[in-house]
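Going down the list, the sequences are from chains A and B.
Counting from 1, one number per residue, gives the positions in the first sequence under my numbering.
Counting from 1, one number per residue, gives the positions in the second sequence under my numbering.
There are 2 protein chains.
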Amino acid sequence: MTESITARDEAAPSGPGGASSALRIAVLDRDSGFIQVLSKRLDRLGWEHRVLASPVPADAVVSMRLSALVVDLAVLGPQAWEWLERLCGALPDLGIVVCTGPSTVAQRVRGLRLGADDWITKPCHPEEVIARVQSVVRRRRRPSGRTEAKPVMAGEVEIRSDRFQAFVGGESLDLTRREFELIELLAAAEGRVLEREEIYSRLWGYTMVRGDRSVDVFVRKLRQKLEKASPRWRYIHTHFGIGYRFAAESLDVDQDVEVPAALPPEWAAGDEGQLAGPQQDRELTTDAF
Amino acid sequence: MTESITARDEAAPSGPGGASSALRIAVLDRDSGFIQVLSKRLDRLGWEHRVLASPVPADAVVSMRLSALVVDLAVLGPQAWEWLERLCGALPDLGIVVCTGPSTVAQRVRGLRLGADDWITKPCHPEEVIARVQSVVRRRRRPSGRTEAKPVMAGEVEIRSDRFQAFVGGESLDLTRREFELIELLAAAEGRVLEREEIYSRLWGYTMVRGDRSVDVFVRKLRQKLEKASPRWRYIHTHFGIGYRFAAESLDVDQDVEVPAALPPEWAAGDEGQLAGPQQDRELTTDAF
DNA sequence: GTCGGCTGTGAAGATCCTGTGACCATTTGC
DNA sequence: GCAAATGGTCACAGGATCTTCACAGCCGAC
Numbered sequence: 001m002t003e004s005i006t007a008r009d010e011a012a013p014s015g016p017g018g019a020s021s022a023l024r025i026a027v028l029d030r031d032s033g034f035i036q037v038l039s040k041r042l043d044r045l046g047w048e049h050r051v052l053a054s055p056v057p058a059d060a061v062v063s064m065r066l067s068a069l070v071v072d073l074a075v076l077g078p079q080a081w082e083w084l085e086r087l088c089g090a091l092p093d094l095g096i097v098v099c100t101g102p103s104t105v106a107q108r109v110r111g112l113r114l115g116a117d118d119w120i121t122k123p124c125h126p127e128e129v130i131a132r133v134q135s136v137v138r139r140r141r142r143p144s145g146r147t148e149a150k151p152v153m154a155g156e157v158e159i160r161s162d163r164f165q166a167f168v169g170g171e172s173l174d175l176t177r178r179e180f181e182l183i184e185l186l187a188a189a190e191g192r193v194l195e196r197e198e199i200y201s202r203l204w205g206y207t208m209v210r211g212d213r214s215v216d217v218f219v220r221k222l223r224q225k226l227e228k229a230s231p232r233w234r235y236i237h238t239h240f241g242i243g244y245r246f247a248a249e250s251l252d253v254d255q256d257v258e259v260p261a262a263l264p265p266e267w268a269a270g271d272e273g274q275l276a277g278p279q280q281d282r283e284l285t286t287d288a289f
Numbered sequence: 001m002t003e004s005i006t007a008r009d010e011a012a013p014s015g016p017g018g019a020s021s022a023l024r025i026a027v028l029d030r031d032s033g034f035i036q037v038l039s040k041r042l043d044r045l046g047w048e049h050r051v052l053a054s055p056v057p058a059d060a061v062v063s064m065r066l067s068a069l070v071v072d073l074a075v076l077g078p079q080a081w082e083w084l085e086r087l088c089g090a091l092p093d094l095g096i097v098v099c100t101g102p103s104t105v106a107q108r109v110r111g112l113r114l115g116a117d118d119w120i121t122k123p124c125h126p127e128e129v130i131a132r133v134q135s136v137v138r139r140r141r142r143p144s145g146r147t148e149a150k151p152v153m154a155g156e157v158e159i160r161s162d163r164f165q166a167f168v169g170g171e172s173l174d175l176t177r178r179e180f181e182l183i184e185l186l187a188a189a190e191g192r193v194l195e196r197e198e199i200y201s202r203l204w205g206y207t208m209v210r211g212d213r214s215v216d217v218f219v220r221k222l223r224q225k226l227e228k229a230s231p232r233w234r235y236i237h238t239h240f241g242i243g244y245r246f247a248a249e250s251l252d253v254d255q256d257v258e259v260p261a262a263l264p265p266e267w268a269a270g271d272e273g274q275l276a277g278p279q280q281d282r283e284l285t286t287d288a289f
């Protein structure tokens, strides 16, 4: 199983409202020219990707946690159909784009029926491959809605984005929407200090006017609720002249360890604006019909 | 706006529980030969379909409650892109398959980026069009899952998708269609908070305009019926500024446990088998690679 | 230690959101 | 065609939330 890994580590979490457009995909192909060109484009998009030169068993694909797989059926040989069917069965959430040489209508129909999401005929432009992968992933993601996001723990507090709420010992803190957004944002920073301006622009969506105290007020409300529910811990720390930092800090003498919020990597898997956008379209001439 | 209607009444509900392999699609094209052949195939499959010969405004498409739309961009003229973008924005759940004459890579990429799910180049085999439409629809439907019979229990309420009805102690709540779709959707979320926009787009199929109160109104109707039939429980919880959450909550003091809807594990499972399947492949020669 | 600026705090509107009943349009059943 | 059922809109009222403001306390600089 030859494979070259271009990917960096986990995609950077871009915060609660943030939208990381980076996808994780794999290309199963042997056509070195095609791979090279495609890889270059993928790099530029910042997508994590790996190239596989030989068929991998379905459960190996599972562990790659891919958004989509681009595959040339020719690499798979006679077992192609069986492999495809098995994979689609095992990973119903994986986007599968077949990108292969000339084929008959019957073959394409068969592939699509077995579970492939798209079928592109080589030779093809890498840009089109990417656009089709995006289309497939976009469709797939939509109904799953909110981030699956496992709950985030910090000290005694559990932040559950599926409920828009934080809990201490199973008891809800009764946070309002803004309060929740704030704690979510702070916790996602994993112990970093966030400046007021940044907090403001992330929560309110526009830049803060000088003298606005909204952030402070919400920090206070949040502190009150946290204090009431979890008196033996401090969570939000003020950095004078800068902003705030979130870290669970026990007040018990024997253990004064600081624990930044533990975030699962899937955090902030939202998908706004994942398209590279107009500036890329301009590379190509787009004429009307 | 010439249009010939082959379809009959309401199609399979596009709501959460809608389970039927018959799709409702529209074809926007003027190529009579293509239309004729395609229509014949669609008839044989038992899919409801209508043929449109001229562009229809996006909101007219809304009322058709389609699963997918096959469109030849050439029919739309210079406004094609704009029309496509508008439609995709308004109906994020509609599958859109562009089927048009020769095009450049740039055009295809643009179309896919704007929201089209697939792009087929004419001339093409109707069987492939159908397979791609199926693929697009399958992709979207997946997470909604087939609700195979198993009733869902939450508190005293039993939700039976096979009957499109909810019961308390064997007594029907007399839910209307929308009301049932709503309770089913909420219950399927398993205790997660669903935002209004999401509820709306899942039930109505298109994006909610600001200020629309339909969701609230149906929540009220549902609450009334639930309250009447099961007064000692609360089911639908409001999350201010966000949406609603479904969880059975007893009002009896001794046990104030929250019980999210108990869903059978099959829920949200893949939905193979809805494809017409192998017997159709046999019409075509399927050779291996 | 003093001073200016920054932050914490409480409270008072202003604003936004939801619950509700009434009303109208459309569909369905007779 | 008529009546009932259903779906959807509207305006109003009450409540929840957000924003603003003034003041007090705290921090760091000099």
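Backbone N, C-alpha and C define an ideal beta-carbon position, used for all residues, glycine too.
**Prompt:** Who are the Cβ neighbours of Leu66 of chain A in its own chain at under 7 Å, not counting the five residues just before and after it?
**Reply:** Arg24, Ile25, Ala26, Leu94
**Message:** Taking the alpha carbon of Ala154 of chain A as the reference point, which residue from A:Pro102, A:Ala247, A:Ala90 has its own alpha carbon closest?
**Reply:** A:Ala247
**Request:** Give a yes or no on whether the minimum CB-CB distance between His237 of chain A and chain B is below 8 Å.
**Result:** no
**Item:** Check whether Leu91 of chain B and Tyr206 of chain B have beta carbons under 8 Å apart
**Value:** yes
**Item:** Contact with chain A by Ala131 of chain B, beta-carbon distance below 8 Å
**Value:** yes
**Prompt:** If you check the beta carbons only, do Leu28 of chain B and Asp72 of chain B fall under 8 Å apart?
**Reply:** yes
**Segment contact, 8 Å Cβ cut-off, at least three pairs: the region 232-246 of chain A with the region 187-201 of chain A** = yes
**Request:** Can you tell me which of the three DSSP states Cys88 of chain A falls into?
**Result:** helix
**Message:** Along the region 169-188 of chain A, where does the CB come closer than 9 Å to a CB of chain B? Name the residues.
**Reply:** Thr176, Arg177, Arg178, Phe180
**Prompt:** Would you call the region 126-135 of chain B and the region 35-53 of chain B touching, i.e. three or more CB-CB distances under 8 Å?
**Reply:** yes
**Item:** Arg232 of chain B versus Glu181 of chain B - alpha carbon distance
**Value:** 23 Å
**Request:** Residues of the region 151-164 of chain A with a CB closer than 7 Å to any CB of chain B: list them in chain order, please.
**Result:** Asp162, Arg163, Phe164
**Item:** Close Cβ partners of Lys158 of chain B (< 8 Å) along its chain, the five nearest in sequence each way excluded
**Value:** Reading off the sequence, residue 158 of chain B comes out as Glu, not Lys. Excluding residues within five positions, the ones whose Cβ falls inside 8 Å are Pro151, Val152, Ala166, Phe167, Val168.
**Request:** Measure the alpha-carbon distance for Gly211 of chain A versus Val193 of chain A and round it to whole angstroms.
**Result:** 20 Å
**Item:** Contacts of Ala116 of chain B in chain A (Cβ-Cβ under 9 Å)
**Value:** Ser135
**Message:** Can you tell me whether Glu190 of chain A is helix, strand or coil according to DSSP?
**Reply:** coil
**Message:** On the DSSP letters alone, give me the boundaries of the alpha helix (DSSP H) that Val75 of chain A sits inside.
**Reply:** 73-76
**Asked** Is any beta-carbon of chain B found at less than 8 Å from that of Arg140 of chain A?
**Response** yes
**Prompt:** Glu3 of chain A by DSSP, collapsed to three states: which one?
**Reply:** The predicted model places Glu3 of chain A with a pLDDT of 44, which falls under 50 and marks its position as unreliable; any figure quoted below should be read in that light. Glu3 of chain A: strand per DSSP, three-state reduction.
**Message:** 8 Å is my cut-off, CB to CB: does Val70 of chain A come that close to chain B?
**Reply:** no
**Request:** Grab the span of the alpha helix (DSSP H) containing Asp162 of chain A for me, first residue to last.
**Result:** Careful: Asp162 of chain A lies outside any alpha helix (DSSP H) and carries neither H nor E.
**Asked** Counting only beta-carbon atoms, is Glu266 of chain A nearer than 8 Å to chain B?
**Response** Confidence in Glu266 of chain A is poor, its pLDDT being 40 and thus under 50, which makes the residue's placement too unreliable to answer from.
**Asked** Should Gly89 of chain B be labelled buried (16 or more other beta-carbon atoms within 10 Å of its own) or exposed?
**Response** exposed
**Prompt:** Between the C-alpha atoms of Pro265 of chain A and Leu45 of chain B, what's the straight-line distance to the nearest angstrom?
**Reply:** Note that Pro265 of chain A has pLDDT 42, beneath the 50 cutoff, so the model's placement of it is unreliable and no number is given.
**Request:** Identify the continuous alpha helix (DSSP H) that holds Trp204 of chain A and give its terminal residues.
**Result:** 196-204
**Pairwise C-alpha distance: Glu195 of chain A and Val217 of chain A** = 15 Å
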